[in-house]
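All remarks here apply to the structure that follows.
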Amino acid sequence: QQQVKQSPQSLIVQKGGISIINCAYENTAFDYFPWYQQFPGKGPALLIAIRPDVSEKKEGRFTISFNKSAKQFSLHIMDSQPGDSATYFCAASGSRLTFGEGTQLTVNP
Amino acid sequence: DVKVTQSSRYLVKRTGEKVFLECVQDMDHENMFWYRQDPGLGLRLIYFSYDVKMKEKGDIPEGYSVSREKKERFSLILESASTNQTSMYLCASSLGGINEKLFFGSGTQLSVL
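Printed below as a string of structure tokens:
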């Protein structure tokens with residue numbers, strides 16, 4: 141039972157474009173929504189996180205948009221760069237962290 | 029920076045063997061976790077521990093056990109390895125509280141033949 145559904149599974153974007161990864165959750169008790177970034181050969185690392193009392197959080201080129209009524213949240217990467225090529229995981233937490241399936245992002249030069 | 033060290037990057041074992049995966053963190057974190065990562069399934073929690081000698085089952089504990097005898101060390105044990113346990117295993121730690129930032133190790137790719 142996947143409580144956090146992530147899409148797309150893979151994404152190819154040109155340098156300078158916008159990358160968008162979407163996640164949907166079921167459990168209304170979730171109250172913390174982080175995104176993790178994983179480079180090949182490395183463990184995931186926290187990229188950005190949001191709580192449901194705000195609809196958007198921005199850190200540099202990375203923005204989380206949160207829609208509480210739709211139970212959806214998304215990661216936007218503006219001006220995508222080849223160095224952003226990685227696997228991205230959304231997650232949601234109530235009593236424990238539940239991860240989405242992951243999105244493999246490739247940014248072509 | 030927090031460092032989470034997993035003892036092996038690659039491991040090959042035979043079906044039925046007992047397998048130990050070791051993880052050490054150097055920042056006095058309260059919580060430690062074991063996840064497995066499989067393509068298309070994301071990260072799934074196997075076990076976690078919020079204190080020495082304490083452990084809690086995650087979402088997929090079957091076929092696994094854990095040991096936390098010291099605060100900095102958390103071991104994952106496969107009692108009798110099976111081919112469906114071939115996977116990437118990730119250890120993580122966090123300072124405390126439910127929604128603290130997780131710090132991950134680089135992972136152990138386990139192949140069970």
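In the order they appear, the protein sequences are chains A and B.
Counted the way the numbering used here counts, the first sequence spans residues 141 to 249.
Counted the way the numbering used here counts, the second sequence spans residues 29 to 141.
Glycine included, C-beta positions come from ideal geometry on N, C-alpha and C.
Is the separation between the beta-carbon of Tyr117(B) and that of Leu130(B) shorter than 7 Å?
In the second sequence, residue 117(B) corresponds to position 89, counting from 1. In the second sequence, residue 130(B) corresponds to position 102, counting from 1. No, Cβ-Cβ distance for Tyr117(B) and Leu130(B) is not below 7 Å.
Which ranges does the beta strand (DSSP E) cover as unbroken runs of at least 3 residues, wholly within the segment 51–124 of chain B, from first to last along the chain?
Counting only runs of 3 or more, we get 59–66, 70–77, 92–98, 101–106, 115–122.
Between the Cα of Met60(B) and the Cα atoms of Val94(B), Val47(B), Gly70(B), which residue gives the shortest distance?
Against the second sequence, residue 60(B) aligns to sequence position 32. Taking only the C-alpha atoms, the option nearest Met60(B) is Val94(B).
Start and end of the beta strand (DSSP E) containing Ile150(A)?
If you number the first sequence from 1, residue 150(A) lands on position 10. This sequence places Ser at residue 150(A); Ile is not what is there. Start and end: 150–154.
Could you give the distance in angstroms between the alpha-carbon of Ser205(A) and the alpha-carbon of Thr246(A)?
Your numbering for residue 205(A) matches position 65 in the first sequence. Your numbering for residue 246(A) matches position 106 in the first sequence. Note on geometry: alpha-carbon atoms of Ser205(A) and Thr246(A) lie some 21 Å from one another.
For chain A, check one thing: does any of its Cβ atoms lie closer than 7 Å to the Cβ of Ser139(B)?
Taking the second sequence and counting its residues from 1, one reaches residue 139(B) at position 111. For Ser139(B), not one C-beta of chain A is nearer than 7 Å to its own C-beta.
Output needed for Val80(B): all residues of its chain with C-beta closer than 8 Å, excluding positions within five of it in sequence on either side, in chain order.
Along the second sequence, read from residue 1 onward, the residue named residue 80(B) stands at position 52. Cβ within range, chain order: Arg96, Glu97, Lys98, Lys99.
Use the C-beta contact count for Pro184(A): other C-beta atoms within 10 angstroms, 16 or more gives buried, fewer gives exposed.
Along the first sequence, one-based indexing puts residue 184(A) at 44. Buried, by the Cβ-count rule.
For Pro174(A), which three-state DSSP category applies?
For the purposes of this step, residue 174(A) is identified with residue 34 of the first sequence, where counting begins at 1. Correct three-state label for Pro174(A): strand.
Closest residue to Phe239(A) among Leu104(B), Val47(B), Ser36(B), Gly86(B) (Cα-Cα distance)
One-based indexing of the first sequence puts residue 239(A) at position 99. Among Leu104(B), Val47(B), Ser36(B), Gly86(B), the Cα nearest to that of Phe239(A) is on Gly86(B).
Does the distance from the C-beta atom of Ser115(B) to that of Arg64(B) stay below 7 Å?
Sequence index remark: in the second sequence, residue 115(B) carries index 87 (1-based). Sequence index remark: in the second sequence, residue 64(B) carries index 36 (1-based). A contact, by the Cβ cut-off of 7 Å.
Is the distance from the Cβ of Glu166(A) to the Cβ of Gly68(B) below 7 Å?
Position 26 of the first sequence, counting from 1, holds the residue named residue 166(A). Position 40 of the second sequence, counting from 1, holds the residue named residue 68(B). No, the Cβ-Cβ distance between Glu166(A) and Gly68(B) is not below 7 Å.
Name, in chain order, the residues that DSSP records as bridge partners for Phe132(B).
On the second sequence, residue 132(B) is found 104 positions in, with the first residue counted as 1. Paired residues: Ala120(B).
Can you name the residues that DSSP bridges to Glu45(B)?
Here residue 45(B) is taken as the residue at index 17 of the second sequence, counted from 1. DSSP, once it has assigned bridges, lists no residue as partnering Glu45(B).
Is there a Cβ of chain B sitting closer than 7 Å to that of Glu166(A), yes or no?
Here the question's residue 166(A) lines up with position 26 in the first sequence. Not an interface residue.
Just to confirm, is the Cβ distance from Phe173(A) to Gly234(A) under 7 Å?
Here residue 173(A) is taken as the residue at index 33 of the first sequence, counted from 1. Here residue 234(A) is taken as the residue at index 94 of the first sequence, counted from 1. Their beta carbons are not under 7 Å apart, which means Phe173(A) does not touch Gly234(A) by this criterion.
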